[in-house]
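In our numbering, the protein residues as written are 32 to 426.
Here the structure comes first, spelled out in structure tokens, and everything after it is commentary.
Given below as structure tokens:
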């Protein structure tokens, strides 16, 4: 049986295997299409029109601008494959932009790329791929998909950990994982660019996207004020010891862990410790007040065969990523009296904010399995830090 599987672990000849490639117009998705086309697959490219930036020029390094659609079409023409542009603007606004604005209004720090993957890309686009008779949907993400011995597939950290994008894909459902493929899993970015150059793709040297695609100016606070005018309501800047230090022009201008631009003078370095959205307060304090020892999660998506209760009951170690750019850190899942999710960090982290993702891994190296993840709903500092500051753990 295994001898009949093609490079995508599908029991068909490549020429009989239709693969839809999500083409963003960047190097990674273009090379994904080129690799599959070269291997003889029946490749169809799809680019999503997600938002209208109007006449606003995109910043260098921004993604999903109008030029990206043109770049994707040019790559498809060069490779000799069909290419379609689908209007997903309404889906994107309802599933990504509106929740993004609401989360900031609630004092959280959301990650729109996670929401986009969970909804528009791996829900709506995947359905479109199936409607086109595809056997798989391929993307240019740096993450590995493996066949499980007992059936189904699992996600793993890629060969190049500097390009690891598994943090953004933890919310993928098992049925989606089984349908997705990631041809760049074993490549470095330099190798990907070299393949683009070998195929004569004009985007071989195109810069990587760095910004939130629907904020071409790079100032997300301007967008949120436009969508949610109440985000600019003023309030107090309060020290964790209770002193009111000044006023602000909207909590949307602040994020947990922020050091610069707070707007108050003090005899010590101050950091944004918490955003009290209902009372429009920005709480600030010393760096030690940012330490987080425990996390409460919501909207958890679990992919591993072993249940989270197994990890908690056996006190098994897991590794968690709390930011996309940070390496996984040792942690444990602990039982919660109300049946919720609590994660205990072996070494406290600083600047963890509600709305961010907590992603679980089997270990911290190449090939680590993505066990699942969730949205951080609350943070708790170490008791020793709270005593030092004269606070409770949740203050």
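By construction, the Cβ of each residue, glycine as well, lies at the ideal position given by its N, Cα and C atoms.
It should be emphasised that the depicted structure is a prediction, and the values quoted were computed from it without experimental measurement.
Just so you know, the alpha carbons of residue 348 and residue 257 end up roughly 44 Å apart. Residue 351 and residue 388 have their C-alpha atoms roughly 10 Å apart. Excluding five sequence positions before and after residue 145, the CB atoms of its chain that fall closer than 7 Å to its own CB belong to 199, 202, 388, given in chain order. Short of 7 Å from the beta carbon of residue 214, and not among the five residues preceding or following it, lie these beta carbons of its own chain, in chain order: 63, 66, 67, 169. A straight-line Cα-Cα distance of about 21 Å links residue 76 and residue 220. Around residue 290, the same chain offers 302 as residues with beta carbons nearer than 6 Å, after the five sequence neighbours per side are excluded. Spanning the alpha carbons of residue 44 and residue 124 requires a straight line of approximately 39 Å. DSSP places residue 260 within a helical segment (H, G or I) once states are collapsed to three. Close CB contacts of residue 362 within its chain, under the 7 Å cut and outside five residues either way in sequence, are with 349, 350, 351, 374, 375, 376, 377 (chain order). Membership of residue 223 in any beta strand (DSSP E) is not indicated; the residue belongs instead to the alpha helix (DSSP H) covering 220–229. The beta carbons of residue 402 and residue 334 sit about 6 Å from each other, so the pair counts as a contact at 8 Å. In this structure residue 277 is not in contact with residue 311, their Cβ atoms being roughly 13 Å apart against a cut-off of 8 Å. The stretch 203–212 and the stretch 149–169 touch, with three or more beta-carbon pairs separated by less than 8 Å.
Membership of residue 207 in any beta strand (DSSP E) is not indicated; the residue belongs instead to the alpha helix (DSSP H) covering 205–210. Taking a cut-off of 8 Å on C-beta distances, the stretch 95–113 touches the stretch 51–63, as three or more cross pairs fall below it. Our two residues, residue 118 and residue 153, have alpha carbons roughly 16 Å apart in a direct line.
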